[in-house]
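My numbering puts the first residue of the sequence shown at 57, with every later residue one more than the last.
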Amino acid sequence: MVRYDKGEDPNMYAYWLETMANDRIDTLRREATERRMVAESTPATEPIRSRLYRRLAPLLRSAPTMSPRPRACVC
57 MVRYDKGEDP NMYAYWLETM ANDRIDTLRR EATERRMVAE STPATEPIRS
107 RLYRRLAPLL RSAPTMSPRP RACVC
């Protein structure tokens, strides 16, 4: 529960929350529009595999490498 100082209007908190929510919604819409525009500008002739690799390459480079399976010890 929010406590208010004397003389502070409780409706101001509701107004502030609504303003913050609207700003966030606008930001998300703008980012979605930018992503859509980038996706539409990507040529369709580029193979899906190369587009996927281009997007995943940084993750693949930073992922820990898997060591080969240890062989059975021949003692």
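Where is the CB? At the ideal position from N, CA and C, for every residue including glycine. These numbers were taken from a predicted model, which means no experiment stands behind them.
Per DSSP, the unbroken alpha helix (DSSP H) holding residue 82 starts and ends at 66 to 97. Separation of residue 113 and residue 88 (C-alpha to C-alpha, rounded to the nearest whole angstrom) is 23 Å. Distance from the CA atom of residue 85 to the CA atom of residue 79, rounded to whole angstroms, is 10 Å.
In this structure, the straight-line span from the alpha carbon of residue 103 to that of residue 93 is close to 19 Å.
Annotation: residue 118 to residue 111 spans about 13 Å, alpha carbon to alpha carbon. Here residue 103 carries a coil assignment [DSSP, helix/strand/coil].
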